[in-house]
Each structure stands twice: as C-alpha cells, then as structure tokens.
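In UniProt numbering, the protein residues as written are 1 to 316.
Everything below concerns the one structure shown next.
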C-alpha cells in the first residue's frame, strides 16, 4: 500500500506496519463512529487514498510526521502507519478521526458556555496557541505552566488581581510617585506576571476541558487536570503516552505549520459552538417578543357617564 509523501511527488514505502484494527477508542466517546470523508478506490489492485481538503492540508502541513523510531512510545503503535528513513509516519486516518472528535466535543463544550484552556509552552506552539485562543475567546498558557494553576486556582486569581493593580499604577502614572529603585522592581514584577498570567485573565472559573500541545512536555498540566477531573484533549506525537489523554489527536507536535493547522481547526470549532449558543438565544427570545407585540392591550377602565340631574318640581 502506498502513502502520499509531503510534496505529493512520491510515496512512502510501508515498512514495519504497527497499526492494528482501528486503534483504541477515546474515553470521551461522542458517537458510535465518525465518518471519514474519503473513499478507497481500487486501481491496479492497489487502493489509493482520495483525501478531501482537510486531509490535503494535514499532509501539506506535515501533521503525519512523527519522531525518530528510537524515541517512540510503544503505546502509540495503533496510531502509526509505518516508517521511512527511521522516522515514524502517523496514520492520517487516525489523525483525522481524532481531530473530528475533538472539534465536535469542543464545539459542544463551547455551546454549553464552559471554558476551554489551551496549553502549549514549547517554542513551536506558543505563538499559535496565543493567536488562536484570543481569536476564539478562550484562556491560554503559552509561556510557562505555573504549578498550581488549576489545583491552587484561588492563589492564581489573587495574582491576577495583583497584575491588575500593577497595570493601574502604570496607566495612571502613579508609579512615578515611587523611587527609581522601586519603579524598576515593580516593572520587573509586572513583566514577569504579564508573561505568565496574561492568558488566564478570562478564566474566572475552572475549565471543563484542557487542550495540550505535547502532553509529554506539559506533564504537570496533565497531572493537575487529571486530579480535578478535567477532560484532556491533546495533539500527541509518537514519543508520548496516549493513555494519559482522554481524547488524543495523533500528529506532529513539533512542526509550526502542523500546530497552527490543528489549533486553527479547533478554534473554528469553538467559535462555531459559541455562535450556535447565540443563535439559540436569539431564537428563544424572538417568540417572546412576538407574543408581547401581539398581546392585546389591556382594557382601560371606562368611567360611567354622570347621571343627569333630576328635574326639580315646579311650584304651582
């Protein structure tokens, strides 16, 4: 069986196939099965992959490239298609299946009004995580995961209050009332807190879901989420353990284009879920407004006409 290469000019030889069956199902099970938008047409006795736009974009972005075979985690075997030049090649069907499940789930969560925390502190992921999180209006961590961000959330909220105080000092020029040494200390404190906490400003409560880029690197974040029962969704490469993630998306977590593509798809799903909520709210309010307009005006009490005075008797 041939597999299209990144540039589409050649094929990757299938060697040492590790995938068996359809792979383990996610613990966040959304539906009996997800329809994969492609068909396998047999030509010359060899099935060819007819991918749609999203699959083509995955391949162009290099989502299917894994790590070196010497770094692999055996638990990722169901998601691996084969290997080429000592590099594991991920099964694009499993990647698409995981992405579709994740998009549907995140859309449902966003439609319910819950928060989704996006986490990706590695250099290749930080910019994409911040950009797409801001676009869909969700909290994020793109610089450094502070221990206790979830398990000690009350302290994190107090530190956010301190960040707002420092911003007020800077915007109102009250910081000029302090000595030069104190100003330098306050500015240094502000820059550090802004870098680590700015993405958490909108997280006024614990999230229902956390999306992670490379759960191996963000193991502390995964550990805190598991402790609090927060659902985890992750872009996971061949060197990580998928059993720690509720809904894994097998894919390249080291490529900038790969991370950008996955983050963009998930952000679109969140925006769609929020839009669905707004449409439902407007639809629910429309009948009430129409009923109010159609309601007949209340009958105004009418005053009884004054009785005419009786004729006085005429004296004879």
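For glycine and all other residues, C-beta sits at the position ideal for the given N, C-alpha and C.
Between residue 138 and residue 116 the beta-carbon gap is near 5 Å, inside 8 Å, which marks them as a contact.
The alpha helix (DSSP H) runs lying completely inside the segment 90-123 and spanning 4 residues or more are 92-111, given in chain order. Just so you know, the alpha carbons of residue 94 and residue 145 end up roughly 29 Å apart. In its chain, beyond the 5 residues on either side, 166 have a beta carbon closer than 6 Å to the beta carbon of residue 190. Going by beta carbons, residue 255 and residue 109 fall outside the 8 Å limit. Within the model, the alpha-carbon separation for residue 87 versus residue 159 is close to 44 Å.
Between residue 244 and residue 207, the C-beta gap is not smaller than 8 Å, which leaves the two residues out of contact. DSSP, reduced to helix, strand and coil, places residue 129 within a helical segment of the structure shown. Of the other Cβ atoms in all chains shown, fewer than 16 fall within 10 Å of the Cβ of residue 74; this residue is therefore exposed. In the three-state DSSP reduction, residue 248 falls in the strand class (E or B). Listed in chain order, the alpha helix (DSSP H) runs fully inside the segment 185-241 are 219-228, counting runs of at least 4 residues. Counting every other CB atom within 10 Å of its CB across the protein chains shown gives residue 179 a total below 16, marking it as exposed.
Classified as buried, residue 224 has 16 or more neighbouring CB atoms from the shown chains inside 10 Å of its CB.
Under the three-state reduction of DSSP output, residue 68 falls in the strand class.
Relative to residue 143, the option among 125, 114, 228, 135 whose CA is nearest is 125.
As the crow flies, the alpha-carbon of residue 148 is around 34 Å from that of residue 70. Contact check for residue 257 and residue 62: beta-carbon distance about 6 Å, within the 8 Å limit, so the pair qualifies.
Secondary structure note for residue 56: its alpha helix (DSSP H) is the uninterrupted segment 53-61. Cβ-Cβ separation between residue 66 and residue 80: approximately 7 Å, consistent with a contact (criterion under 8 Å).
Non-local beta-carbon contacts of residue 129 in its own chain, meaning distances under 6 Å to residues more than five positions away in sequence, involve 118, 120, 140, 142 in chain order.
Annotation for residue 193: 163 place their beta carbon closer than 6 Å to its own, counting only its chain and skipping 5 residues before and after.
Excluding residues up to 5 positions away in sequence, 118, 140 lie with their Cβ nearer than 6 Å to the Cβ of residue 133 in the same chain.
Per DSSP, the continuous alpha helix (DSSP H) segment holding residue 156 begins and ends at 153-171. Collapsing the DSSP output to three states places residue 137 in coil. Per DSSP, residue 148 is not a residue of any beta strand (DSSP E), being assigned neither H nor E.
In its chain, beyond the 5 residues on either side, 206 have a beta carbon closer than 7 Å to the beta carbon of residue 153. Here DSSP, grouped into helix, strand and coil, assigns residue 82 to strand.
Rounded to whole angstroms, residue 169 and residue 242 show a C-alpha spacing of 46 Å.
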